[in-house]
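First up is the structure itself, then whatever we jot down about it.
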Amino acid sequence: MEDWKQARQDINTRAMQLNALTPDTMKGIAALGGAGDKTNHLDAKTRELISLAVAVTTRCDGCIAFHAAAAKKLGVTVEEIGEALGVAINLNAGAAVVYSTHVLDAFDKA
Numbered sequence: 001m002e003d004w005k006q007a008r009q010d011i012n013t014r015a016m017q018l019n020a021l022t023p024d025t026m027k028g029i030a031a032l033g034g035a036g037d038k039t040n041h042l043d044a045k046t047r048e049l050i051s052l053a054v055a056v057t058t059r060c061d062g063c064i065a066f067h068a069a070a071a072k073k074l075g076v077t078v079e080e081i082g083e084a085l086g087v088a089i090n091l092n093a094g095a096a097v098v099y100s101t102h103v104l105d106a107f108d109k110a
């Protein structure tokens with residue numbers, strides 16, 4: 001299992017290095033991250049739950065580390081996380097079904 005606090009520290013260290021190498025790119029990433037705060041159509045908890053579900057579907061450990069900590073600070077419950085992760089699991093299973101139909105199509109046309 002990951003040491004999530006250490007993972008966040010390690011990523012932050014390298015992100016600061018990356019910021020020195022390509023500051024405009026990192027400013028762009030920060031702008032993307034803060035865009036939801038400006039529109040505020042969804043509350044911060046909902047955005048963090050979406051972030052965690054997407055982190056699972058994209059298999060991003062760093063995203064999990066940062067967004068789990070942010071969700072906890074916002075008072076997200078483990079039950080809310082469970083529901084969001086259920087959606088992520090369903091989406092991945094659904095994608096497997098869709099891609100399975102591609103296999104059958106390719107097999108038929110082989």
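Note that the UniProt record's numbering has the sequence shown beginning at 1, numbered continuously upward. Heads up, the beta-carbon is just placed ideally off N, CA and C, and yes, glycines get one too. For clarity, every value in this text was computed on a predicted model and none was experimentally measured.
Less than 8 Å between the CB atoms is what I'm expecting for residue i and residue j, so what's the real figure, rounded?
i	j	result
L85	V56	6 Å
L49	V78	12 Å between Cβ atoms; not a contact.
A65	R8	5 Å
Return helix, strand or coil for residue i, following the three-state DSSP convention.
i	result
N90	helix
R59	coil
V76	coil
Considering only the alpha carbon of each residue, which of the options lies closest to residue i?
i	options	result
R59	K5, V78 and I89	I89
E2	G94, I81 and D61	D61
A35	R47, A106 and L52	R47
A44	D105, A106 and A68	A68
L32	A93, S51, M16 and Q17	S51
V87	Q6, A70 and V54	V54
Inset, instruction - Indicate whether the contact test is met: 3 or more Cβ pairs, each with one atom in the stretch 30-41 and one in the stretch 65-76, closer than 8 Å. - result: no
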